[in-house]
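Per this note's numbering, the sequence shown starts with residue 4, numbered consecutively. Built from N, CA and C at the ideal position, the CB exists for glycine as well. Heads up, the thing below is written out as structure tokens.
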Amino acid sequence: MGLEYVKISPGFEKYMPRDYVDLVQFGQFGKQIDVMQMGQFKELVEEHPMCAGCYMAYFIRVFYAALPNPEDTIVLGTAGCARLALSQAAVPFIYGNYGDTNAVASGLKRALSIRFPDKVKDVVVMAGDGGLMDIGFGMTMHSWFRREKFTTIMVDNEVYGNTGGQESGMSPKGIQLKMAPTGKKFDKINAVELAQVAGCVYVAKISPTNPKRIAKTIKRAILAAREFGPTFIHAYTSCNIEYSIPTREVLADARNREKQDFKFYEWMTDEVKEYLEEIERKEKEKAKEEVGQ
């Protein structure tokens, strides 16, 4: 991993697959991409076997476009819908056993800091509500307690979508599902408050209705994790199959849930806020200079 490994050696372009050549020439490796340019450059993930209309797939697409340094990023996932797209992207992906992704990420981040002491290598965990807040709860919490420097993103579809529609700890109270016909008996886990109490330095809750806000949130989480400790994003990504949401209505559903219980929320420590504001101030100044030239 690294920009030098992504580039094609001179003279070998004609032997490489066309898709890879396009990725190097017209992709986002080594560049700063505006998420609103999606569709105008070679994206890191283009094909996947996820369901038609899956809003998690849309979130993942924006996630890859938002990475500050994709050539120096490793993504970890586990059993669940997300891994179907994560494993198809042009970014290294590690599949962890169900529930232990944050433990794997902890070891990986430490190993990378030893192997590449003078370089920044970003580690991002992306998994569902079952993998992070149910079966993986202990691993998730302890990585935060230990202040491990990587980002955890929970793509919350509020159900075990891969295994038949069982309720999860993140399913809303009272909801009836195919394998929870009498309705869920307890409240949805408050993952955001848990993350803050457990030691995360940046925490956000988001419904993916605004791509620029998604991208900014992801970038902030990754940048903060590099310097200060664990960061967490709780993203609503509906399961249109188990919740019977027509494909044409998934965006409307996301907007509705945003009004109800996924209103954008962002919290960070004072030192993280100061750090991010300084980075963003310099980026704005650089953009103005480039426009002036």
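Where the beta strand (DSSP E) through residue i begins and ends
i	result
TYR1	There is simply no residue 1 to check, as the chain begins at 4 and stops at 296 in what is shown.
THR81	Segment: none, THR81 is in no beta strand (DSSP E) and carries neither H nor E.
ASP125	125–131
THR250	Looking at the DSSP string, THR250 is not in any beta strand (DSSP E), and its letter there is neither H nor E.
PHE96	96–98
ILE117	Run containing ILE117: none in the beta strand (DSSP E); it sits in the alpha helix (DSSP H), 104–118.
TYR205	205–209
ALA238	234–239
Residue i, enclosing alpha helix (DSSP H) - first and last residue
i	result
THR143	140–148
ALA55	Neither: ALA55 is in no alpha helix (DSSP H) and is coded neither H nor E.
CA nearest to the CA of residue i, picked from the options
i	options	result
LYS222	GLY131, SER12 and ILE236	ILE236
GLU245	LEU180, THR185 and ASN213	LEU180
GLN43	ASP25, ALA60, MET59 and THR143	ASP25
MET271	VAL200, GLU293, GLU261 and LYS10	VAL200
ASP256	PHE267, GLU269, CYS242 and TYR268	CYS242
ALA224	VAL107, PHE153, THR240 and LYS215	PHE153
GLY326	THR104, ILE77 and THR166	Nothing can be reported for residue 326, as the shown portion of the chain is limited to 4 through 296.
LEU226	VAL65, ALA69, ARG64 and LEU6	ALA69
ASP159	LYS17, ALA93, ILE11 and ALA194	ALA194
Residue burial classification, residue i (beta-carbon count within 10 angstroms, cutoff 16)
i	result
PHE62	buried
ASN259	exposed
PHE32	buried
MET157	buried
SER109	buried
ILE217	buried
PHE15	exposed
Per-residue DSSP class, three states only, for residue i
i	result
THR154	strand
ARG48	According to the sequence provided, residue 48 is Val. The question's Arg does not apply to it. Three-state result, VAL48: coil.
LEU279	helix
ALA290	helix
LEU70	coil
ALA183	strand
GLN31	coil
ILE192	coil
message = When you compare the region 83–94 with the region 33–52, are there three or more beta-carbon pairs, one atom per stretch, that lie closer than 8 Å?
response = When Cβ pairs closer than 8 Å are counted between the two stretches, the region 83–94 is seen to touch the region 33–52, the count reaching three or more.
key: Inter-stretch contact at 8 Å, needing at least 3 Cβ pairs: the region 164–180 / the region 248–256   = The region 164–180 vs the region 248–256: no contact.
ask   = Looking at C-beta atoms only, is the number of pairs between the region 223–234 and the region 128–139 that lie closer than 8 Å three or more?
value = Result no; under three Cβ-Cβ pairs closer than 8 Å.
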